[in-house]
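**Student:** Protein chains in written order, with numbering that gives the first Met the number 0: chain A, 0 to 554; chain B, 0 to 554. Have a look at this one.
2 protein chains.
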Amino acid sequence: METQPKTVSEYLIRRLADYGVEHIFGVPGDYVLQFFQQLENSPLRVINTCDEQGAGFAADAYARLRGLGVVCVTYCVGGLKIVNSTAQAFAEKSPLVVISGAPGLSERWRNPLLHHKVRDFDTQLQIFRQLTVAATDLTEVENGCCEIDRVLAAAVRYKRPVYIELPRDLTTATCSCPRDPMPPPEASDPQALREALDEAVRRITRACRPVLIAGIEIQRFGLQQSFLEFVHKTGIPFATTPLSKSTLSEDHPLFLGVYAGAVGKEETRQAVENSDCLIMLGAFMTDVNLGIFTARLDQALTISSASDGSCMAFHRYPDVFLTDFLQGLCDADIVALSGRVPVDRPKLEPSPAFETRDEPITIRRLFVCLETVIDGRMVLLADPGEAMFAAIDLTIRHPAVFLAPAYYTSMGFAVPGAIGAQLARPDLRPLVLVGDGAFQMTGMEISTAARFGLSPIVVVLNNSGYGTERPMTDGGFNDIPAWRYSRLPEAIGSGLGFEVFTETQFAEALKAALDNSLVPTVIDVHLDANDHSPALKRLTDALGAKVRASAKLSE
Amino acid sequence: METQPKTVSEYLIRRLADYGVEHIFGVPGDYVLQFFQQLENSPLRVINTCDEQGAGFAADAYARLRGLGVVCVTYCVGGLKIVNSTAQAFAEKSPLVVISGAPGLSERWRNPLLHHKVRDFDTQLQIFRQLTVAATDLTEVENGCCEIDRVLAAAVRYKRPVYIELPRDLTTATCSCPRDPMPPPEASDPQALREALDEAVRRITRACRPVLIAGIEIQRFGLQQSFLEFVHKTGIPFATTPLSKSTLSEDHPLFLGVYAGAVGKEETRQAVENSDCLIMLGAFMTDVNLGIFTARLDQALTISSASDGSCMAFHRYPDVFLTDFLQGLCDADIVALSGRVPVDRPKLEPSPAFETRDEPITIRRLFVCLETVIDGRMVLLADPGEAMFAAIDLTIRHPAVFLAPAYYTSMGFAVPGAIGAQLARPDLRPLVLVGDGAFQMTGMEISTAARFGLSPIVVVLNNSGYGTERPMTDGGFNDIPAWRYSRLPEAIGSGLGFEVFTETQFAEALKAALDNSLVPTVIDVHLDANDHSPALKRLTDALGAKVRASAKLSE
Numbered sequence: 000m001e002t003q004p005k006t007v008s009e010y011l012i013r014r015l016a017d018y019g020v021e022h023i024f025g026v027p028g029d030y031v032l033q034f035f036q037q038l039e040n041s042p043l044r045v046i047n048t049c050d051e052q053g054a055g056f057a058a059d060a061y062a063r064l065r066g067l068g069v070v071c072v073t074y075c076v077g078g079l080k081i082v083n084s085t086a087q088a089f090a091e092k093s094p095l096v097v098i099s100g101a102p103g104l105s106e107r108w109r110n111p112l113l114h115h116k117v118r119d120f121d122t123q124l125q126i127f128r129q130l131t132v133a134a135t136d137l138t139e140v141e142n143g144c145c146e147i148d149r150v151l152a153a154a155v156r157y158k159r160p161v162y163i164e165l166p167r168d169l170t171t172a173t174c175s176c177p178r179d180p181m182p183p184p185e186a187s188d189p190q191a192l193r194e195a196l197d198e199a200v201r202r203i204t205r206a207c208r209p210v211l212i213a214g215i216e217i218q219r220f221g222l223q224q225s226f227l228e229f230v231h232k233t234g235i236p237f238a239t240t241p242l243s244k245s246t247l248s249e250d251h252p253l254f255l256g257v258y259a260g261a262v263g264k265e266e267t268r269q270a271v272e273n274s275d276c277l278i279m280l281g282a283f284m285t286d287v288n289l290g291i292f293t294a295r296l297d298q299a300l301t302i303s304s305a306s307d308g309s310c311m312a313f314h315r316y317p318d319v320f321l322t323d324f325l326q327g328l329c330d331a332d333i334v335a336l337s338g339r340v341p342v343d344r345p346k347l348e349p350s351p352a353f354e355t356r357d358e359p360i361t362i363r364r365l366f367v368c369l370e371t372v373i374d375g376r377m378v379l380l381a382d383p384g385e386a387m388f389a390a391i392d393l394t395i396r397h398p399a400v401f402l403a404p405a406y407y408t409s410m411g412f413a414v415p416g417a418i419g420a421q422l423a424r425p426d427l428r429p430l431v432l433v434g435d436g437a438f439q440m441t442g443m444e445i446s447t448a449a450r451f452g453l454s455p456i457v458v459v460l461n462n463s464g465y466g467t468e469r470p471m472t473d474g475g476f477n478d479i480p481a482w483r484y485s486r487l488p489e490a491i492g493s494g495l496g497f498e499v500f501t502e503t504q505f506a507e508a509l510k511a512a513l514d515n516s517l518v519p520t521v522i523d524v525h526l527d528a529n530d531h532s533p534a535l536k537r538l539t540d541a542l543g544a545k546v547r548a549s550a551k552l553s554e
Numbered sequence: 000m001e002t003q004p005k006t007v008s009e010y011l012i013r014r015l016a017d018y019g020v021e022h023i024f025g026v027p028g029d030y031v032l033q034f035f036q037q038l039e040n041s042p043l044r045v046i047n048t049c050d051e052q053g054a055g056f057a058a059d060a061y062a063r064l065r066g067l068g069v070v071c072v073t074y075c076v077g078g079l080k081i082v083n084s085t086a087q088a089f090a091e092k093s094p095l096v097v098i099s100g101a102p103g104l105s106e107r108w109r110n111p112l113l114h115h116k117v118r119d120f121d122t123q124l125q126i127f128r129q130l131t132v133a134a135t136d137l138t139e140v141e142n143g144c145c146e147i148d149r150v151l152a153a154a155v156r157y158k159r160p161v162y163i164e165l166p167r168d169l170t171t172a173t174c175s176c177p178r179d180p181m182p183p184p185e186a187s188d189p190q191a192l193r194e195a196l197d198e199a200v201r202r203i204t205r206a207c208r209p210v211l212i213a214g215i216e217i218q219r220f221g222l223q224q225s226f227l228e229f230v231h232k233t234g235i236p237f238a239t240t241p242l243s244k245s246t247l248s249e250d251h252p253l254f255l256g257v258y259a260g261a262v263g264k265e266e267t268r269q270a271v272e273n274s275d276c277l278i279m280l281g282a283f284m285t286d287v288n289l290g291i292f293t294a295r296l297d298q299a300l301t302i303s304s305a306s307d308g309s310c311m312a313f314h315r316y317p318d319v320f321l322t323d324f325l326q327g328l329c330d331a332d333i334v335a336l337s338g339r340v341p342v343d344r345p346k347l348e349p350s351p352a353f354e355t356r357d358e359p360i361t362i363r364r365l366f367v368c369l370e371t372v373i374d375g376r377m378v379l380l381a382d383p384g385e386a387m388f389a390a391i392d393l394t395i396r397h398p399a400v401f402l403a404p405a406y407y408t409s410m411g412f413a414v415p416g417a418i419g420a421q422l423a424r425p426d427l428r429p430l431v432l433v434g435d436g437a438f439q440m441t442g443m444e445i446s447t448a449a450r451f452g453l454s455p456i457v458v459v460l461n462n463s464g465y466g467t468e469r470p471m472t473d474g475g476f477n478d479i480p481a482w483r484y485s486r487l488p489e490a491i492g493s494g495l496g497f498e499v500f501t502e503t504q505f506a507e508a509l510k511a512a513l514d515n516s517l518v519p520t521v522i523d524v525h526l527d528a529n530d531h532s533p534a535l536k537r538l539t540d541a542l543g544a545k546v547r548a549s550a551k552l553s554e
């Protein structure tokens, strides 16, 4: 028989487990040491990383795959190191729980200068209020458990970060634990929903070229099956966005590609922009999603529904939410598209064969080679920069998983993200695509991966600096030190390392990595600094124009 | 003839140079690229680090030694990575200027989801308001230069961080540059100052055992000479605090030691706590300074003056500031101590000779060895943990410089700090003492040091984990992966590496490092996990009691 939790922190641990959490990422410190000890004696497993930043990114990746991820740190010197990774989770709707230790309430009398304190005792709380949908400092034992329920429910409801601050003398405070059943998700207003669905059905039925866009919330709220049900019932083709890439398998016969304005593939752009009824489900239209504003969408022809409300043409339904709206569409009486004019779908080219040549490897050929090995047993992680933009062009045929901070675009996500991803989905092996610049930020977390028996394959796209920036504005500030990435496994005492210059060497290194699934692999791929993927070229043209435009504007 | 700056950013660059800044630390990104290009064409030198966190710590160290340090980053994905290092600068009064790029004002129309945006366009500004004494987003060309003057003056006045956000379309906006002379420092109220000095002179004159404490503001405001003038005139002995260690040379005949309650040396504690008139100048009494509240100071017997006001016994003089107060003391008529009863001063032991033995090296012996090599051509940096607490016990005989985050105690400061320190003071060679846990956070910045021709000697105190925490609460979370630190120079392509187990090996490695002043050196010192310095033992006893007390309290 399950024992009842007796303390606030036991209750917190139990609740996290209820939500399916099995791992907690973090770095200990004296204000949170007791809680780490309680974690060690709990069913949750502590994964401590080299630096808190790594823990933040790992927990974010875990949250994206599991529905909830947790990072646990000490007061200020820990918490303030994960402001950026929490901001990323907020921007990209990842349900991340930040737990921070804090000075005990009994230590705060007369406002002393306790170590790690910045300005006031609530400085850290004030900062996290900017980055979360719910935040609490547990200053009372009585309602501690209710507060925990409220805050965790918000993370799950809004798929965004929440913050819990645990004063160390409350960690072991006994409490009466309500442990109510988990609160039901917020429902749409029934009348508003009916009206919105009626209107949507009218618009879809009279359209000749309807197109669906599956946004990231389809993945966050686990709506893939409903989405596909609607696709199958109506025959309406669909696209994804950079952030929601691979949410649905890309070898689906009705898949149009990843839509990103002029940054994406031309045929996808044509199909989406020529639609006379664009149904965007769970998408939020960021500048990267919109190809840095190269998208040409006619708002009068759009239907959009997300977790925070819905929109048709120029009017809003604030109380109609994605889950109900999509279910309503599935249940509605909509004629299949067969009687209407279907859009032209880009032909899915056959899986390319890759004949290695003994020539210097290029970005384009590297991605052709990768496409031949990616399968349903992999999770692909891409760091912003060439790695991410080239990866968006990849066709992921199998139900593989793709993770990238495609909106917030913070560098340094992918290597620590792979730790979170493989723990969240131990059936998948992480394939990490990361630039040399991003690797130097957080890449040493491969040692954390090795320590916990994980086996990411880390492909370092080594073009001697910040390759995304060179085409915009170049200078010495885009250069970085030339690490010998393939030697790092030796220096951290674990893993395989390869240095490759040619296609043949790359294919061999990749094969060796795939054959050894017990340790991490680092493959240092030397690329020409002027070699860019077509996607990056399209992107930097757009971004460079912005940089130059603002320079000109102010001259 | 000097040309007049024509744009807001040229004005900013000129003003920074006026304040003595020669280097700027940062990582570029598209919202700040143009400013990086302007920096590259300016007399300021850009030092780009592996990760923004490293730039933040490097700039903090530079600020401590130069009077102003600058870190320059891109919007959110850069700025939010340096929240912790900026918090440290705030907590420890370091005059750090944070410059962040931002989306152009012309890009913000209708509040689009631009990449890197978190919640609102001012999210980052709101966060930095919590951590700075002045913050501005330059949204108007007209008063841009005045804003720059206001904000930089605040950094210099309060010795705390300030924040400047540069929308990218204002970077090159032309402006009328007032370029007023730099504003004079804020002065004390003359009447209040006279009253406070009269009272102070009375108290000091009638005391039998007056003792001075030189706090960190003596260093921050460059008051060492005035302080020593007062010491020489009156014969009053002085102590420092952990944060202000080495502000004054420790071989001064009137130096009592570093005061830190029970955590410091017993003879220093006796001298300070038995004083009948304790004159604290520029000190702020943190818990670490107070030996985690083991200090026993009688407030009725204290005089305290700092940059934000003064205090005697239980009453305050809010408009009397340190610089004026100290000058007033120097000018006052105070009888030298010779006629009164002097305190017992701890005898300065002769510089120890170090005979190496072919035995496993211990913490205690390692510091004995270090004491024989530290001289006036070094800057010593210590990371929180064993490295810092053992270093506080070191006697620094020469006017060497000691830098450590002794109050905020954020791990990961020392290696990137060494970059800032050596650029600020190229006449000094950095000797870095860092635990293995802290090294894994930011230690790879040695590659930045190598890239810019710097030569820190990095001593990794390798005790297989978070040694400071083990005596408090131990568990698997205190273990870290076993890197082979001495192999890292090979992996980054520069520097010397040594792995040492014995005293002889350590002395040899240290000699080799000292003999090669062109590249960084990493010395991996294997220590027993249960070997602690006396200072750390005193500290963890005090901290462990706190952890246990709060556990008990709440049971």
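Glycine included, each C-beta is placed from N, C-alpha and C at the ideal position. As the structure is a computational prediction, the values presented were derived from the model and not from experiment.
1. Starting from ASP429 of chain B, follow the beta strand (DSSP E) in both directions and report where the run begins and ends.
2. Output yes if chain B places a C-beta closer than 8 Å to the C-beta of TYR18 of chain A; else output no.
3. Please classify HIS231 of chain A as buried or exposed, where buried requires at least 16 neighbouring CB atoms within 10 angstroms.
4. Just checking, does the stretch 427-445 of chain A make contact with the stretch 380-400 of chain A on the three C-beta pairs under 8 Å criterion?
5. Could you check the C-alpha separation between PRO102 of chain B and THR48 of chain A for me, to the nearest Å?
6. I'd like to confirm something about MET377 of chain A: is its beta-carbon nearer than 7 Å to some heavy atom of the ligand ZN, or not?
7. Give every residue of the same chain whose Cβ lies closer than 6 Å to the Cβ of PRO166 of chain B, excluding the five residues on either side of it in the sequence, and list them in chain order.
8. For TYR407 of chain B, which residues in chain A fall below 9 Å Cβ to Cβ?
9. Should LEU517 of chain B be labelled buried (16 or more other beta-carbon atoms within 10 Å of its own) or exposed?
10. Can you name the residues of chain B whose CB is closer than 9 Å to the CB of VAL45 of chain A?
11. For the alpha helix (DSSP H) containing ASN477 of chain B, list its first residue and its last residue.
12. Using a Cβ cut-off of 8 Å (strictly closer), state whether GLN3 of chain B contacts chain A.
13. Just the C-alpha distance for SER175 of chain A and GLU141 of chain A, rounded to the nearest angstrom, thanks.
14. My output table needs one value for HIS525 of chain A: the three-state DSSP class, helix, strand or coil.
15. Between which two residues does the alpha helix (DSSP H) carrying THR233 of chain B extend?
16. I'd like to check one pair, LEU526 of chain B with PHE388 of chain B: are the Cβ atoms closer than 8 Å?
17. Establish whether the CB of TYR162 of chain B and some CB of chain A are separated by less than 8 Å.
18. Please determine, among B:MET284, B:ASP323, B:ALA191, B:LEU169, the residue with the shortest C-alpha to C-alpha distance to PHE226 of chain B.
19. Can you find a CB in chain E that lies within less than 8 Å of the CB of SER446 of chain A?
20. Quick check: what's the CA-CA separation for THR501 of chain A versus PHE34 of chain A?
21. For ALA88 of chain B, which residues in the same chain have their Cβ closer than 6 Å to its Cβ, ignoring the five residues on either side in sequence?
22. Compare the C-beta of PRO429 of chain B with all C-beta atoms of chain A and state if any pair is closer than 8 Å.
23. Are the C-beta of ARG450 of chain A and some C-beta of chain B separated by less than 8 Å?
24. Quick check: is the beta carbon of LEU321 of chain B nearer than 8 Å to any beta carbon in chain A?
25. Is PHE313 of chain B close to chain A? Criterion is C-beta to C-beta, closer than 8 Å.
26. What does a CB cutoff of less than 8 Å around PHE451 of chain A pick up in its chain, not counting 5 residues either side in sequence?
27. Below 7 Å CB to CB, which residues in the same chain sit around ASN560 of chain B once its five sequence neighbours on both sides are set aside?
28. Return the residue from the list A:PRO189, A:SER532, A:GLU489 that minimises the CA-CA distance to TYR316 of chain A.
29. Does any C-beta atom of chain B lie closer than 8 Å to the C-beta of THR285 of chain A?
30. When DSSP builds the beta bridges, which residues end up paired with PHE120 of chain A?
**Tutor:** According to the data block:
1. Correcting the residue identity first, residue 429 of chain B is Pro in this sequence and not Asp. Counting along the chain, the beta strand (DSSP E) containing PRO429 of chain B begins and ends at 428-434.
2. So no, TYR18 of chain A is outside the interface.
3. By the neighbour-count rule (16 or more Cβ atoms within 10 Å), HIS231 of chain A is not buried but exposed.
4. A contact exists between the stretch 427-445 of chain A and the stretch 380-400 of chain A.
5. PRO102 of chain B and THR48 of chain A: Cα-Cα distance of roughly 33 Å.
6. Looking at this structure, you won't find the ligand ZN or any other ligand, since it has none at all.
7. Within the same chain, ALA101, GLY103, LEU104 come within 6 Å of PRO166 of chain B by CB-CB distance, once the 5 residues on both sides are set aside.
8. Near TYR407 of chain B (Cβ distances below 9 Å), the residues of chain A are CYS75, VAL76, HIS114, HIS115, LYS116, VAL117.
9. Exposed.
10. In chain order: GLY474, GLY475, PHE476.
11. Boundaries for ASN477 of chain B: no alpha helix (DSSP H) harbours it, and the DSSP string shows neither H nor E there.
12. Not closer than 8 Å to any Cβ of chain A, the Cβ of GLN3 of chain B fails to qualify, so no.
13. Approximately 7 Å between the Cα atoms of the pair.
14. Of the three classes helix, strand and coil, the one that applies to HIS525 of chain A here is strand, per DSSP.
15. In the DSSP annotation of this structure, the continuous segment of the alpha helix (DSSP H) that includes THR233 of chain B starts and ends at 223-233.
16. At least 8 Å separates the beta-carbon of PHE388 of chain B from that of LEU526 of chain B.
17. Not closer than 8 Å to any Cβ of chain A, the Cβ of TYR162 of chain B fails to qualify, so no.
18. If we check each option's Cα against that of PHE226 of chain B, B:ASP323 comes out closest.
19. The displayed structure is made up of protein chains A and B, and chain E is not among them.
20. Going by the C-alpha atoms only, they are around 50 Å apart.
21. Excluding positions up to five away in sequence, the list reads ASP59, LEU95, PRO160.
22. With 8 Å as the cut-off, PRO429 of chain B does not count as an interface residue toward chain A.
23. For ARG450 of chain A, the answer is yes, since a Cβ of chain B falls inside 8 Å of its Cβ.
24. No, LEU321 of chain B does not count as interfacial toward chain A.
25. It does not: the Cβ of PHE313 of chain B has no partner Cβ on chain A nearer than 8 Å.
26. Closer than 8 Å at the Cβ level, and outside the excluded window around PHE451 of chain A, lie ILE46, ILE418, LEU422.
27. Outside the shown range of chain B (0 to 554) lies residue 560 of chain B, about which nothing can therefore be said.
28. Restricting attention to A:PRO189, A:SER532, A:GLU489, the CA atom closest to the CA of TYR316 of chain A is found in A:PRO189.
29. Judged by the 8 Å Cβ criterion, THR285 of chain A is in contact with chain B.
30. In the DSSP output, where bridge partners are listed per residue, PHE120 of chain A has none listed.
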